[in-house]
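The structure appears below as structure tokens.
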Amino acid sequence: MTQLIKITKISLGVLSSVLVMTHAYANDASNDDVVKKENALTSICFSKAAHSDAKNVLLDACPIGDGLWGNQQPKLEKGKSEFWIQCGVFNQDLTKEKVNHIQKKVDASINFKLEGEAKRCLIGPYQDFTTAQKQLRRLQSDRLFKHAALREVNLALLPQVEEPIERAPETVSEPEPDPITIRKQTKINNLHFVVPFTDDTSEGFYMENSLPWLRATSLHAQEICQQIDMDLVTKEQWQILLDSTIMTKDKWPVLLPYWGADNLGLFKDGAARKLKNTSMLNVMCTKKVEDEVVGNPI
Numbered sequence: 001m002t003q004l005i006k007i008t009k010i011s012l013g014v015l016s017s018v019l020v021m022t023h024a025y026a027n028d029a030s031n032d033d034v035v036k037k038e039n040a041l042t043s044i045c046f047s048k049a050a051h052s053d054a055k056n057v058l059l060d061a062c063p064i065g066d067g068l069w070g071n072q073q074p075k076l077e078k079g080k081s082e083f084w085i086q087c088g089v090f091n092q093d094l095t096k097e098k099v100n101h102i103q104k105k106v107d108a109s110i111n112f113k114l115e116g117e118a119k120r121c122l123i124g125p126y127q128d129f130t131t132a133q134k135q136l137r138r139l140q141s142d143r144l145f146k147h148a149a150l151r152e153v154n155l156a157l158l159p160q161v162e163e164p165i166e167r168a169p170e171t172v173s174e175p176e177p178d179p180i181t182i183r184k185q186t187k188i189n190n191l192h193f194v195v196p197f198t199d200d201t202s203e204g205f206y207m208e209n210s211l212p213w214l215r216a217t218s219l220h221a222q223e224i225c226q227q228i229d230m231d232l233v234t235k236e237q238w239q240i241l242l243d244s245t246i247m248t249k250d251k252w253p254v255l256l257p258y259w260g261a262d263n264l265g266l267f268k269d270g271a272a273r274k275l276k277n278t279s280m281l282n283v284m285c286t287k288k289v290e291d292e293v294v295g296n297p298i
């Protein structure tokens, strides 16, 4: 082992690039020799950071287990331990040539655990002892790594990794619509007419008779009427309201036309014509009623 330490030299930066390159070859293998990602040691030993230079440097908490020297068999039952191949402990980093020597013999990744100024080379981890043993023998056939050995890690002694708590998605409640107040209303021939108002001024309002009145697009006007269980006024209903002259007597807003059904603009002179549904007009709603309605002019 001492002889192996003395002959090994390079920089960690070179090792990192080599490990990234050689790791691709290990990924090409599809047999049982390939280290499985779901190994218990994987979650304890490898950084989740995406930086390639930390990819093969094991975390401080990573256990290296106990050495199985010579022909020693595992001390634990199958499934209760995992294995590393220890390829050496070095004072300096491995050269590209040495890394290539190792990678030709094994299918798993080559990792290092920093221990002070020394670097412990660990290949794996392996779930299966037989697989690890076969790869160890192949590595030992290279004279540079004839002192390599297996290490067994007791899974029962691993620190517990807290599973991330899956939080239920927060339910975002729909905002309550702004309360609608009725500014003007009247009942004519069992038809209830109202001029609504809401504090939601996202679309706008205008002043008439020293009071703010709601202006809205055709779609918004329909939505407001639906919220109070009413509909936009038809051309015929509009004419009934005009004939009553209540709008003039009670000073209803008339500077702007009103939205009617089917995107009709309803004018105070009785005209009704199609307008752009984005126009900002007065809003009036209506519905049929049986009970008497008392007007509430402002």
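Going by this note's numbering, 38 is the number at position 38 of the sequence shown; the sequence numbering is gapless. Just so it is clear, CB atoms sit at the ideal spot from N, CA and C, and this is done for glycine as well. Predicted model, so just to flag it, every value in this text is computed and none were measured.
Nearest-angstrom Cβ-Cβ length linking V106 and R138, presumed shorter than 8 Å: That pair is a contact at about 7 Å.
C-alpha distance - Q226 paired with L211, whole-angstrom precision: The straight-line gap from Cα to Cα measures roughly 24 Å.
Three-state secondary structure (DSSP) of W252: For W252, the three-state secondary structure derived from DSSP is coil.
Short Cβ contact (8 Å threshold) for C62 with C87: No, the pair does not count as a contact, with Cβ atoms beyond the cut-off.
Beta-carbon contacts of K268 that lie in its chain and below 8 Å, excluding the five residues immediately before and after: The residues are L242, M247, V254 and P257.
In chain order, each beta strand (DSSP E) run of at least 3 residues that lies wholly inside the stretch 97–155: You should have 110–115, 118–126 and 149–154.
First through last residue of the alpha helix (DSSP H) which encompasses E290: Bounds of any alpha helix (DSSP H) do not take in E290, whose DSSP letter is neither H nor E.
Cβ neighbour criterion (16 or more within 10 Å) applied to W238: The residue is buried, with at least 16 neighbouring Cβ atoms inside 10 Å.
Test item: CB-CB of H321 and K251 under 8 Å: This structure leaves residue 321 out entirely; the chain is present only between 1 and 298.
Q185 in three-state terms, based on DSSP: Q185 falls in the strand class under three-state DSSP.
I85 to K48 span [Cα, whole Å]: So the alpha carbons of these two residues sit roughly 22 Å apart.
Given 8 Å, three or more beta-carbon pairs between the stretch 88–96 and the stretch 62–80: Contact fails: fewer than three Cβ-Cβ distances are below 8 Å.
Boundaries of the alpha helix (DSSP H) in which S81 is found, first to last residue: Careful: S81 lies outside any alpha helix (DSSP H), inside the beta strand (DSSP E) at S81 to F90.
Among R273, D199, T245 and E115, the one whose alpha carbon lies nearest that of I188: Taking I188 as reference, the option from R273, D199, T245 and E115 with the minimal CA-CA separation is T245.
Among Q73, C121 and R183, nearest to N209 - alpha-carbon criterion: The option with the nearest alpha carbon to N209 is R183.
Coil, strand or helix - A272 by DSSP: DSSP, reduced to helix, strand and coil, places A272 within a strand of the structure shown.
Reference I64; option with closest CA among R120, L76, Q73 and L266: Closest by alpha carbon: R120.
For A306, the three-state DSSP class (helix, strand or coil): Not covered by the structure: residue 306. The range shown for the chain is 1 to 298.
Backbone secondary structure at D326 - three-state DSSP: Past the boundaries of the shown model lies residue 326; the chain is included only from 1 to 298, so the question cannot be answered.
Endpoints, the beta strand (DSSP E) within which A41 is located: The sequence given here has Leu at residue 41, not Ala. According to the DSSP assignment, L41 belongs to no beta strand (DSSP E) but to the alpha helix (DSSP H) extending over A40 to C45.
For D231, three-class secondary structure by DSSP: Assignment of D231 by DSSP, reduced to helix, strand and coil, places it in the strand class.
Run of the beta strand (DSSP E) containing M280, from where it starts to where it stops: Segment: none, M280 is in no beta strand (DSSP E) and carries neither H nor E.
Proximity winner among D199, D262, H101 and V283, relative to I123 (alpha-carbon distances): In this structure, H101 is the residue among D199, D262, H101 and V283 with its C-alpha nearest to the C-alpha of I123.
M284, buried or exposed, once every other Cβ within 10 Å from all chains shown has been counted against 16: With 16 or more Cβ atoms within 10 Å of its Cβ, M284 is classed as buried.
Simplified DSSP state of E208, which is helix, strand or coil: Correct three-state label for E208: strand.
C-beta contact flag for A156 and K80 at 8 Å: Yes. Within cutoff.
Cα-Cα separation, A216 to S43: Each residue's Cα considered, the two are about 58 Å apart.
Identity of the residue in K75, T198, Q140 and A261 nearest E236 by Cα: Of the residues K75, T198, Q140 and A261, the one whose Cα lies closest to the Cα of E236 is A261.
Simplified DSSP state of A216, which is helix, strand or coil: The three-state secondary structure of A216, taken from DSSP, is strand.
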